[in-house]
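Input: a single structure, listed below in structure tokens.
Here it is as structure tokens:
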């Protein structure tokens with residue numbers, strides 16, 4: 017849960033977007049694009065299995081709804097996970113990052129255990145992806161909702177590459193560490209050294 021820090025904990029680390037090297041950003045872009053292509057093909061296969069239609073129709077309405085919905089739902093998935101763990105999410109946007117403009121959900125003042133923080137970080141990649149693929153399977157092929165869900169799931173998976181990179185870093189900290197999510201990264205707390 018997101019209770020206060022345990023007695024004797026102090027800051028032991030910090031990570032933010034500004035620390036990410038250009039070559040890592042390039043790798044993330046490539047991995048993100050690969051994940052988006054794979055996800056698009058999975059979504060097309062689901063559409064075909066559900067309706068016999070082997071293509072997706074995107075018009076201006078489904079593009080707009082998919083773009084806005086995909087970004088908003090991605091951050092909402094983080095927020096739902098924060099809430100489930102007792103944290104109080106905040107939403108915002110940063111325009112001048114090394115990744116370009118980013119939206120975020122954070123929980124300043126809440127301290128999550130490592131497992132809980134990984135759940136928050138991966139909630140969009142796992143939970144939202146499953147939900148959006150189910151919407152694609154159930155919505156009428158070629159309709160606004162199915163087409164918007166198609167674009168939203170692709171954007172969600174693409175955006176999850178950065179989350180996965182963060183969670184990889186989180187897993188390098190001790191199991192008893194606590195994490196405070198900030199607008200552009202996280203602060204790590206652990207037991208103060210004895211002495």
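In the working numbering, the protein residues as written are 17 to 211. From the three backbone atoms N, C-alpha and C, an ideal C-beta is built for every residue, glycine too.
Under the 10 Å beta carbon count, residue 31 is surrounded by 16 or more other beta carbons and is classified as buried. By alpha-carbon distance to residue 189, the top candidate from 206, 177, 198 is 206. In this structure, residue 197 and residue 138 do not form a Cβ contact; the two beta carbons are roughly 13 Å apart against a cut-off of 8 Å. The closest CA to that of residue 67, considering only 159, 101, 95, 28, is found on 159.
Counting the other Cβ atoms within 10 Å of the Cβ of residue 156 gives fewer than 16, which makes it exposed.
Taking residue 130 as reference, the option from 204, 24, 55 with the minimal CA-CA separation is 204. Listed as beta-bridge partners of residue 106 by DSSP are 122.
Residues of the same chain with a CB within less than 6 Å of the CB of residue 48, apart from the 5 flanking positions on each side, are 174, 177 in chain order.
Going by DSSP, residue 194 is part of no alpha helix (DSSP H) but of the beta strand (DSSP E) stretching over 194 to 198. DSSP places residue 203 outside any alpha helix (DSSP H); the residue lies instead in the beta strand (DSSP E), whose first and last residues are 201 to 207.
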